[in-house]
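The sequence shown begins at 67 in our numbering and counts up one residue at a time. A virtual CB, placed ideally from N, CA and C, is assigned to each residue, including glycine.
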Amino acid sequence: MPHSILISQRAKALKPSLTLEISSIAKALKAEGKDICSLSAGEPDFDTPSFIIEATFKALKDGLTRYGPAAGDPELREAIAEKITEMNKLPVTTENVLVTNGGKQAIYNLFQVTLNPGDEVIIPSPYWLSYPEMVRLAGGNPIILESSLSNGFQLDVAQLEESITDKTKFIIINSPGNPTGRVMPRKELESIASLLRKYPKISVVSDEIYEYLVAEGITQVTFTEVAPDLNDRVFIVNGFAKSWAMTGWRVGYLVGHPKVIKAAISLQSQSTSNVCSFAQRGAIAALKGSKDCVKEMVEKYNRRRNLLVSGLNDIKDISLITPNGAFYAFPQLPDSCVGSIEFCRIALEKEGLAMVPGMAFGEDRCIRISCAASSSTIINGLNRLRRLL
Ligand SMILES: Cc1ncc(COP(=O)(O)O)c(C=O)c1O
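This is the structure we're talking about:
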């Protein structure tokens with residue numbers, strides 16, 4: 067039997083994550099002994115802070131190895147509710163919180179329980195590559211809202227309004243953003259909020275996974291802070307992967323209206339069940355512990371981001387908006403250059419330099435370069451890029 071006939075239409079339409087693919091190709095080439103310089107990582111290169119590991123180890127030793135509530139460890143839900151109440155100025159309780167397998171599953175679950183066939187989700191471009199796929203998987207239509215480097219990847223509110231139809235259910239905002247590293251200024255959030263006041267059926271997905279990773283002097287403002295009157299229609303996605311270097315732990319969360327959270331809990335109870343019980347104890351330690359470890363990592367990212375940005379600005383013909391958050395830069399290639407996929411293929415083949423093509427994020431003229439790497443790797447990568455160009 068040709069097994070391809072077993073594959074559903076839904077799965078056939080699905081694109082694998084290009085970022086994960088490139089990182090694993092780079093790792094495999096390195097393992098073969100090739101001289102690879104990888105600036106493709108979407109994850110911290112730091113180890114998880116030891117007090118988090120110790121709390122998890124203790125949980126394991128204490129026998130926390132069984133099934134737990136599908137919605138998450140009650141203590142973790144409580145700690146998340148407290149954090150959101152304090153930091154997002156959004157008064158919530160555990161009923162508003164679902165603990166998920168990373169931020170990814172928070173978005174996946176949300177769309178699965180809210181989208182009907184044909185519902186539209188507006189996604190400002192450049193976007194994190196999983197958004198459109200997750201919308202499609204839930205039967206919805208991703209509506210891509212273009213922006214460009216020439217206007218600093220700013221969201222154009224007039225254009226946003228034009229893309230609204232009676233099928234629009236959500237708009238996604240992601241600040242600090244992947245792949246641009248852009249932090250949305252308060253004004254931009256305010257103008258989105260004013261527009262949404264005219265459209266009461268549209269909700270907001272606010273992906274805040276890079277919340278702590280902001281450049282010195284920059285303040286990360288959340289949507290709920292600027293528009294508390296819209297609290298009922300905001301869904302916050304967050305997790306522990308980026309801020310606490312816990313990518314492999316798979317702990318994230320969704321915060322939103324209890325009715326939607328209840329539906330997402332049912333979905334989770336019938337699919338993955340609870341997030342790994344002892345990993346959740348590590349997440350509690352992260353939330354309740356000192357933030358010094360986060361600050362230390364942020365300082366290092368800031369130094370590395372500055373290094374990457376100044377190096378890129380020194381390369382002729384490359385254009386860049388200065389990223390002020392996350393750990394990425396998203397420079398635009400010279401006009402004469404091949405497309406981003408071809409460019410990144412050549413970079414890997416000729417220079418052993420791994421970067422992610424902008425095409426994966428909806429912008430073929432750019433490439434994503436990560437600064438979640440040591441300073442020497444960044445300098446090495448910049449040299450290879452300069453030579454290649
Ligand atoms: C913008 C954005 N949102 C969500 C996620 C998901 O993070 P995780 O599922 O690892 O918590 C990522 C991961 O790269 C991301 O870049």
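Task: Length at least 3, wholly inside the segment 301-340: the beta strand (DSSP E) runs in chain order - done: Entirely contained in the segment 301-340, the beta strand (DSSP E) runs reaching 3 residues are, in chain order, 318-321.
Open item on the list: Residues in the same chain with beta-carbon distance under 7 Å from Cys403, minus the five sequence neighbours each way, listed in chain order, please.
Closed with: Cβ contact annotation for Cys403 (same chain, cutoff 7 Å, sequence separation greater than five): Phe409, in chain order.
TODO: Please name the residue or residues paired with Asn240 in a DSSP beta bridge.
DONE: As a beta-bridge residue in DSSP terms, Asn240 pairs with Asp273.
Task: Residues passing the C-beta test against ligand 1 heavy atoms, cut-off 6 Å - done: My final list is Gly108, Gly168, Gly169, Lys170, Trp194, Asn240, Asn244, Asp273, Ile275, Gly305, Ala307, Thr313, Gly318.
Open item on the list: Buried or exposed for Pro423, going by 16 or more other Cβ atoms inside 10 Å?
Closed with: The residue in question, Pro423, is buried, as its Cβ has 16 or more Cβ neighbours within 10 Å.
- [ ] Could you name the residues of the same chain whose beta carbon sits closer than 6 Å to that of Ile118, not counting the 5 residues immediately before and after it, in chain order?
- [x] Excluding sequence neighbours, Ile118 sits near Gly348, Ala351, Ala352.
TODO: Indicate the three-state DSSP secondary structure (helix, strand or coil) for Thr234 in the structure shown.
DONE: Taken through DSSP and simplified to helix, strand or coil, Thr234 comes out as strand.
Open item on the list: If I measure Cβ to Cβ from Ser385 and keep anything under 7 Å in the same chain, skipping five residues before and after, which residues do I get?
Closed with: Excluding residues within five positions, the ones whose Cβ falls inside 7 Å are Leu215, Pro397, Gln398.
- [ ] Over the uninterrupted beta strand (DSSP E) stretch that includes Glu429, give me the two end residues.
- [x] Counting along the chain, Glu429 falls outside any beta strand (DSSP E), and DSSP gives it neither H nor E.
TODO: Alpha carbon to alpha carbon, how far is Ala307 from Val292? Give it in angstroms, no decimals.
DONE: Answer to the nearest angstrom: the Cα atoms are 26 Å apart.
TODO: Starting from the Cα of Gly355, find the closest Cα among Ala121, Ser436, Asn368 and give me that residue.
DONE: Closest by alpha carbon: Ala121.
TODO: Count the C-beta pairs between the segment 256-265 and the segment 155-167 that are closer than 8 Å, then say yes if the count reaches three, no if not.
DONE: The way I'd put it, the segment 256-265 doesn't touch the segment 155-167; fewer than three beta-carbon pairs between them come closer than 8 Å.
- [ ] Measure the CB-CB distance between Ser70 and Ala92 and report whether it falls below 9 Å.
- [x] Between Ser70 and Ala92, the gap from beta carbon to beta carbon reaches 9 Å or more.
Task: Exposure label - Gly168; buried when at least 16 CB within 10 Å - done: Gly168 sits buried, since 16 or more C-beta atoms from the chains shown fall within 10 Å of its C-beta.
Task: beta strand (DSSP E) runs contained entirely in the segment 185-238, provided each spans 3 or more residues - done: DSSP runs (the beta strand (DSSP E)) wholly in the segment 185-238: 186-190, 207-211.
Open item on the list: Report the start-end ranges of each alpha helix (DSSP H) in the segment 68-147 that is 4 residues or longer and not cut off at the edges.
Closed with: Secondary structure within the segment 68-147: the alpha helix (DSSP H) runs of 4 or more consecutive residues, fully enclosed, are 75-78, 84-97, 116-127 (chain order).
Open item on the list: I need the straight-line Cα distance from Leu419 to Thr246, nearest angstrom please.
Closed with: Each residue's alpha carbon lies about 20 Å from the other.
Open item on the list: Taking the beta strand (DSSP E) that Thr288 belongs to, which residues open and close that run?
Closed with: Element bounds for Thr288: n/a, residue is neither H nor E.
- [ ] Look up Ile268 in the DSSP assignment and say whether it is helix, strand or coil.
- [x] Correct three-state label for Ile268: coil.
Open item on the list: Am I right that Ala204 and Phe177 are in contact with their C-beta atoms under 8 Å? What's the rounded C-beta distance?
Closed with: Here Ala204 really is in contact with Phe177; their C-beta atoms are around 4 Å apart, less than 8 Å.
Open item on the list: Check this for me: beta carbons of Ala329 and Thr180, under 9 Å apart or not?
Closed with: Contact: yes.
Task: Beta-carbon gap between Glu417 and Arg450 smaller than 9 Å - done: Their beta carbons are under 9 Å apart, which means Glu417 touches Arg450 by this criterion.
Open item on the list: Tell me the rounded alpha-carbon separation between Gln75 and Arg202.
Closed with: Using only the alpha carbons, I get a separation of about 11 Å.
Task: Rounded separation between Tyr265 and Ile146 - CA only - done: C-alpha separation (whole angstroms): 29 Å.
Task: Per DSSP, cross-strand counterpart(s) of Lys385 - done: The question names Lys, but residue 385 in the sequence shown is Ser. As DSSP reads the structure, Ser385 sits in a beta bridge with Gln398.
Task: Where the alpha helix (DSSP H) containing Val179 begins and where it ends - done: 168-180 is the extent of the alpha helix (DSSP H) around Val179.
TODO: Return the bridge partner residues of Arg434 from the DSSP annotation.
DONE: Residue pairing from DSSP places Arg434 in a beta bridge opposite Val422.
- [ ] Buried or exposed for Glu365, please, with buried defined as at least 16 other CB atoms from any protein chain shown within 10 angstroms of its CB.
- [x] With fewer than 16 Cβ atoms within 10 Å of its Cβ, Glu365 is classed as exposed.
Task: C-beta contact flag for Asp298 and His323 at 9 Å - done: A Cβ-Cβ contact shorter than 9 Å links Asp298 with His323.
Open item on the list: I need the DSSP call for Gly447, collapsed to helix, strand or coil.
Closed with: Here Gly447 sits in helix by DSSP.
Task: Through-space distance from Phe393 to Ser309, alpha-carbon basis - done: Their Cα atoms are separated by approximately 11 Å.
Task: Rounded straight-line distance, which links the Cα of Leu86 to that of Pro300 - done: In the sequence on display, residue 300 carries Val and not Pro. The C-alpha of Leu86 is placed about 29 Å away from the C-alpha of Val300.
Task: Delimiting residues of the alpha helix (DSSP H) encompassing Tyr367 - done: Unbroken alpha helix (DSSP H) run through Tyr367: 358-379.
Task: Buried versus exposed, by CB contacts within 10 Å (16 or more), Ser90 - done: By the neighbour-count rule (16 or more Cβ atoms within 10 Å), Ser90 is not buried but exposed.
- [ ] Mark Ser436 as exposed unless 16 or more other C-beta atoms lie within 10 angstroms of its C-beta, in which case mark it buried.
- [x] Ser436 should be labelled buried.
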